[in-house]
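Peer 1: Quick one: this structure, given as structure tokens, is what I'll be asking you about.
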Amino acid sequence: MALEHAILVSLAERPGTGYEIGRQFERSIGYFWSATHQQIYRTLKKLHDDGLVEFEAVAQDSRPDKKVYTLSPSGRNALREWVSHPAPIPRLRDELSVKLRAAEHGDLDDLLAEITRHRDTHAENLRLYESFAERDAASGGERHGRRLHQHLVLRGGIRTERGFVEWLDEVLDALTAERSREHSPTTAPDEVEVAR
5 MALEHAILVS LAERPGTGYE IGRQFERSIG YFWSATHQQI YRTLKKLHDD
55 GLVEFEAVAQ DSRPDKKVYT LSPSGRNALR EWVSHPAPIP RLRDELSVKL
105 RAAEHGDLDD LLAEITRHRD THAENLRLYE SFAERDAASG GERHGRRLHQ
155 HLVLRGGIRT ERGFVEWLDE VLDALTAERS REHSPTTAPD EVEVAR
């Protein structure tokens, strides 16, 4: 997927300025596909040049006109084709997992601190997504169309973050136990002989 597709999805949900699209990325789409405001503006220009979006200039007092973007008919067709096209199966590329494989070559306390940082970040994301789900449930009503689709993506985010938290808890428990074994006093070899 390219940023172009994420912006087309955003505009399919509601027309907006580059700033408004950036805010939507910060509040929702960005949890799954991030972009800076600069990237969004640059991509909007490309989408406009390619005829996939249109804009209406809206006058503002003492400020330059703002551009409110909408999907063009060609943009709707491109979005429809993209949704129908098979998505690649995601492949995990996780630097932390590679570091874990090399744990014996590094400082275990440093690695535990890094794993804790990752765990805390995933736990915070999980709390955030669960708060979104609680607000959605409290709003009541049936889930269909866009609301159902957003709910399903949110459920995927919750399950992903919960999986990371559970796995990182397991890693922390195992490495903490390993560190305890390494730092515990061991029986000297000649004491073993005497005990026999």
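Each number in my numbering corresponds to the 1-based position in the sequence shown with 4 added. Virtual Cβ for every residue (Gly too), placed ideally from N, Cα, C.
Measuring CA to CA, which of Asp111, Val13 and Leu172 is closest to Leu56?
Peer 2: Ranking Asp111, Val13 and Leu172 by Cα distance to Leu56 puts Val13 first.
Peer 1: How about Ala16 and Leu83: are their beta carbons less than 7 Å apart?
Peer 2: Yes. Within cutoff.
Peer 1: Do you know offhand how far Asp114's Cα is from Arg166's?
Peer 2: Those two C-alpha atoms are separated by around 24 Å.
Peer 1: Assign His153 to one of two classes, buried (16 or more other C-beta atoms within 10 Å of its C-beta) or exposed (fewer than that).
Peer 2: His153 comes out exposed.
Peer 1: Short check: CB of Glu230 to CB of Leu48, under 7 Å?
Peer 2: As shown, the chain starts at 5 and ends at 200. That puts residue 230 outside it, with no answer to give.
Peer 1: How big is the Cα-Cα spacing for Leu75 and Phe59?
Peer 2: Roughly 9 Å between the two C-alpha positions.
Peer 1: Return yes when the Cβ of Thr40 is within less than 7 Å of the Cβ of Lys70, no when it is not.
Peer 2: No. Outside cutoff.
Peer 1: Can you grab the Cα-Cα spacing for the pair Arg183 / Ala107, in whole Å?
Peer 2: Roughly 11 Å between the two C-alpha positions.
Peer 1: Would you call the CB atoms of Val169 and Ala127 closer than 7 Å?
Peer 2: Against a cut-off of 7 Å, the Cβ pair of Ala127 and Val169 comes out as a contact.
Peer 1: Using the C-alpha atoms, what's the distance from Glu24 back to Asp65?
Peer 2: Near 18 Å, if we compare the C-alpha coordinates of Glu24 and Asp65.
Peer 1: Would you call the CB atoms of Leu176 and Ile93 closer than 7 Å?
Peer 2: No, the pair does not count as a contact, with Cβ atoms beyond the cut-off.
Peer 1: Quick one: Cα of Gly26 to Cα of Leu172, how far?
Peer 2: Using only the alpha carbons, I get a separation of about 31 Å.
Peer 1: Are Ile33 and Ala10 closer than 7 Å when you measure CB to CB?
Peer 2: Yes.
Peer 1: Using three-state DSSP, classify Ala141 as helix, strand or coil.
Peer 2: It is helical.
Peer 1: Would you say Tyr133 and Gly160 are within 7 Å of each other, going by their C-beta atoms?
Peer 2: Taking 7 Å as the Cβ cut-off, Tyr133 and Gly160 do not qualify as a contacting pair.
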